[in-house]
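Q: One structure follows; several queries about it will come next.
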Amino acid sequence: MSGAAIGMMFLALITLWGGLLLSILHLRRHPDDPDA
């Protein structure tokens with residue numbers, strides 16, 4: 146694989162996992178109210 150392809154792959158992985166991690170942390174700090 147070329148360097149550009151590897152860079153794009155890392156960027157996509159970091160974006161996906163970073164977003165997932167941030168959403169999990171946000172939900173743990175501010176849990177959704179089921180009654181609301």
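Under our numbering, the first residue of the sequence shown is numbered 146, with each subsequent residue one higher. Note that CB positions come from ideal geometry on N, CA and C, so glycine has one too.
What first and last residue would you give for the alpha helix (DSSP H) that runs through Met146?
A: Per DSSP, Met146 belongs to no alpha helix (DSSP H) and is neither H nor E.
Q: So, at 8 angstroms on beta carbons, what are the nonlocal neighbours of Leu158 in its own chain, with the 5 sequence-adjacent residues on each side left out?
A: Once the five neighbours on either side are set aside, Leu158 has no close Cβ partner at all.
Q: Taking only three categories from DSSP, how would you classify His171?
A: His171: helix per DSSP, three-state reduction.
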